[in-house]
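Everything on this sheet refers to the single structure shown next.
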Amino acid sequence: MLHFRFSTLLKELFETALKRPLPGSRQRTWLPTGHCCFGAASVDARAASTQLRVLHAAAHRPAPRTEPRAAPVRSYCVKTEGAVVLDEQVKKDGSSREAASDKRRNAGILPSLEDLLFYTVAEGQETIPAHKFLTALKATGLRTGDPRLKDCMETLKETLKKTSDGVTLDRHLFKRCVQSSIVLLTQAFRKKFVIPDFQSFTSHIDELYENAKNLSGGQVADYIPQLAKFSPDLWAVSLCTVDGQRHTVGDTKVPFCLQSCVKPLKYAVAVHDHGTEYVHSFIGKEPSGLRFNKLFLNEDDKPHNPMVNAGAIVCTSLIKQGEGNAEKFDYVMNFLKTMAGNEYVGFSNATFQSERESGDRNFAIGYYLKEKKCFPEGTDMTSVLDFYFQLCSIEVTSESASVMAATLANGGICPITGERVLSPEAVRNTLSLMHSCGMYDFSGQFAFHVGLPAKSGVAGGILLVVPNVMGIMCWSPPLDKMGNSVRGIQFCTDLVEFFNFHNYDNLRHFAKKHDPRREGGEQRQHSFGPMDYESLQQELALKAPLWKKVSPTESHQDSSTTVVYRMDTVSE
3 MLHFRFSTLL KELFETALKR PLPGSRQRTW LPTGHCCFGA ASVDARAAST
53 QLRVLHAAAH RPAPRTEPRA APVRSYCVKT EGAVVLDEQV KKDGSSREAA
103 SDKRRNAGIL PSLEDLLFYT VAEGQETIPA HKFLTALKAT GLRTGDPRLK
153 DCMETLKETL KKTSDGVTLD RHLFKRCVQS SIVLLTQAFR KKFVIPDFQS
203 FTSHIDELYE NAKNLSGGQV ADYIPQLAKF SPDLWAVSLC TVDGQRHTVG
253 DTKVPFCLQS CVKPLKYAVA VHDHGTEYVH SFIGKEPSGL RFNKLFLNED
303 DKPHNPMVNA GAIVCTSLIK QGEGNAEKFD YVMNFLKTMA GNEYVGFSNA
353 TFQSERESGD RNFAIGYYLK EKKCFPEGTD MTSVLDFYFQ LCSIEVTSES
403 ASVMAATLAN GGICPITGER VLSPEAVRNT LSLMHSCGMY DFSGQFAFHV
453 GLPAKSGVAG GILLVVPNVM GIMCWSPPLD KMGNSVRGIQ FCTDLVEFFN
503 FHNYDNLRHF AKKHDPRREG GEQRQHSFGP MDYESLQQEL ALKAPLWKKV
553 SPTESHQDSS TTVVYRMDTV SE
């Protein structure tokens with residue numbers, strides 16, 4: 003994988019500055035916040051040395067508070083969160099941190115993130131072929147169609163039209179193309195995403211896919227006539243991480259109905275709208291231990307949970323009460339499209355009609371629920387059943403469904419748009435019930451062996467969530483006797499056998515499995531804002547071997563964390 007490197011000129015300037023001796027004196031480790039320097043690179047070595055002497059002189063000024071003195075060293079500089087400016091620049095310039103950062107970059111003190119990204123991809127060349135950049139981008143897991151890269155890709159397309167060969171970009175053109183998405187791109191190329199070595203990870207996913215593909219058991223569901231028309235050879239796996247890294251393999255473009263995979267999604271919508279207490283005044287939280295379509299209630303005359311048919315029908319009645327089915331359906335469809343990052347979410351009218359015509363068991367459950375007064379007052383049971391059949395007939399592809407699962411994995415925020423879709427409360431409750439009740443009569447076995455929240459459907463889908471990591475959709479129509487996809491169950495089992503994704507794989511003293519996540523992932527940036535540019539820029543500049551962290555201190559001027567670095571010479 004490509005890594006950021008400083009230009010040869012920048013290194014030479016640092017080394018030249020270091021060879022110029024500074025007068026020895028006792029230095030203060032506590033420096034006034036904002037009176038600092040970040041790097042000594044300048045147009046020439048003399049200017050760099052002058053900046054170091056300015057910094058050295060600043061160290062003799064009275065500190066704003068009394069602190070113990072440190073042992074003599076060559077010179078110090080301070081990296082504060084946000085802007086880092088020379089002492090004399092602070093006096094002359096009272097502008098914002100962003101303006102100060104621009105001035106520093108223009109003066110050659112710090113390279114911009116755009117420059118660093120260019121040098122990473124260019125590998126010593128003065129121009130970059132566009133296809134080389136796009137290939138490197140794909141290797142990180144990002145897609146060119148990612149909504150977060152829309153402006154970047156449009157600018158790239160227009161810029162290439164104006165170049166002489168329509169293929170290559172020089173540094174200035176490249177910077178213009180990437181500047182709108184530079185923080186996201188920098189995170190990607192620096193392997194700061196949740197799965198840093200994405201190519202290696204996806205190669206293992208492909209192996210697991212091929213292993214499950216060889217299975218030939220199971221039967222395609224035929225109690226809904228429209229489902230029986232799907233080929234038993236269809237098999238697809240798609241995943242989307244919480245950072246928006248994407249991978250798909252197999253028949254990932256073929257639409258299929260969510261069926262029971264929609265149950266956790268509409269439950270999440272109900273909790274998002276009404277809250278936990280209201281929703282569970284109508285529905286329980288316990289596994290039933292019975293078939294998903296049994297006419298059976300708990301001791302309080304409530305459905306056992308929202309993942310069985312009785313609970314899902316009652317949950318359907320809670321959505322947009324008082325509205326017509328058309329408004330309700332549009333509401334849920336828009337919700338699911340937002341969860342999917344505006345990727346494909348459709349509707350199969352043929353499946354809807356087929357379900358309604360063959361739905362005697364669900365009608366029986368509906369009348370039983372009506373008799374036991376399980377619905378909110380004034381509910382039209384037959385209208386609710388129509389809406390229930392409609393939601394089961396919503397179509398997705400494995401690709402769009404993986405983004406829905408990733409939204410759950412990401413705490414309710416769609417990873418490819420950054421939009422909050424569901425409340426944290428709704429996500430937590432949904433994942434809890436998926437973990438305990440999501441796989442029909444196989445839920446206990448699945449929780450034991452796989453240890454992850456999941457929901458299966460009779461169309462052959464398995465919606466799998468790895469919290470804080472990724473969402474996965476497996477789809478293959480042949481089902482086992484429990485009603486779960488044969489290939490999907492095999493893939494999920496193999497996945498957890500190879501990677502440490504099981505809920506309890508990371509307990510102390512356990513045998514280690516493969517961990518595709520970056521170490522220290524809890525410190526990963528979760529949002530990209532203006533301050534992140536500054537932090538990344540400073541962090542990248544500090545990758546040069548000239549800087550060594552001495553000790554963390556705390557600024558009492560602005561309560562921000564300050565880190566002190568000592569400039570050391572590079573050993574030959």
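For any residue, its number in this note's numbering is found by taking its place in the sequence shown, counting from 1, and adding 2. Each residue gets a CB set at the ideal place from its N, CA and C atoms; glycine is no exception.
Quick test of your reading: residue i and residue j, contact by CB under 8 angstroms. State the CB separation rounded to the nearest angstrom.
i    : j    : result
L241 : H249 : 5 angstroms
S114 : R150 : Not confirmed; about 20 angstroms, so no contact.
K372 : I321 : With 8 angstroms as the limit, K372 and I321 do not qualify as a contact, their Cβ atoms being about 18 angstroms apart.
S129 : T170 : Here residue 129 turns out to be Thr, not Ser, going by the sequence shown. 4 angstroms between Cβ atoms; contact.
A270 : A461 : About 20 angstroms separates the two Cβ atoms, so there is no contact after all.
L454 : L466 : 6 angstroms
V468 : F503 : 5 angstroms
V239 : F493 : 6 angstroms
If we call anything under 7 angstroms between Cβ atoms a contact, is residue i one with residue j?
i    : j    : result
K374 : A314 : no
I285 : P308 : yes
F354 : S395 : yes
N295 : R363 : yes
R173 : F120 : yes
M472 : A408 : yes
V196 : V273 : no
S434 : P289 : no
T146 : A190 : no
V386 : S319 : yes
G220 : L393 : no
E345 : C259 : no
R489 : L210 : no
S356 : P198 : no
D388 : G246 : no
D208 : V251 : yes
V334 : C376 : no
P426 : F203 : no
Do you know offhand how far residue i's Cα is from residue j's?
i    : j    : result
V180 : V423 : 28 angstroms
F391 : C439 : 21 angstroms
K231 : N213 : 25 angstroms
K515 : T495 : 14 angstroms
T188 : A138 : 12 angstroms
F298 : Y370 : 9 angstroms
L144 : S400 : 17 angstroms
E379 : V281 : 14 angstroms
K163 : M436 : 50 angstroms
S262 : N486 : 11 angstroms
I418 : G343 : 6 angstroms
L229 : S360 : 12 angstroms
V498 : H451 : 8 angstroms
K177 : Q201 : 26 angstroms
M383 : P305 : 15 angstroms
G2   : G463 : In the structure displayed, the chain extends from 3 to 574; residue 2 sits before or after that span and is not available.
D253 : E301 : 44 angstroms
F448 : M475 : 16 angstroms
E279 : K287 : 12 angstroms
V310 : K134 : 50 angstroms
P479 : V347 : 19 angstroms
R293 : A366 : 15 angstroms
K339 : N351 : 18 angstroms
T161 : L136 : 15 angstroms
D224 : P234 : 12 angstroms
D275 : F337 : 11 angstroms
R358 : N327 : 15 angstroms
Y442 : C154 : 45 angstroms
May I ask you to list the residues that DSSP assigns as paired with residue i?
i    : result
T129 : D172
I474 : L241, L466
E397 : C259, G348
V222 : P480
S183 : Partner(s): none; S183 has no beta bridge.
H516 : F501
R422 : I415
S445 : None, per the DSSP bridge assignment.
K375 : According to DSSP, which records beta bridges pairwise, K375 is partnered with nothing at all.
S458 : I464
What ranges does the alpha helix (DSSP H) occupy inside the region 481-508, keeping only unbroken runs of at least 4 residues that lie completely in it? Counting only runs of 4 or more, we get 488-500.
Where in the region 241-297 do unbroken runs of the beta strand (DSSP E), each at least 3 residues long, occur, reported from the N-terminal end onward? For the region 241-297, the full-length beta strand (DSSP E) segments reaching 3 residues or more read 248-252 along the chain.
Enumerated in chain order, which unbroken segments of the beta strand (DSSP E) with a length of 3 residues or greater are wholly contained in the region 320-369? Unbroken beta strand (DSSP E) stretches of 3 residues or longer found wholly inside the region 320-369: 347-349, given in chain order.
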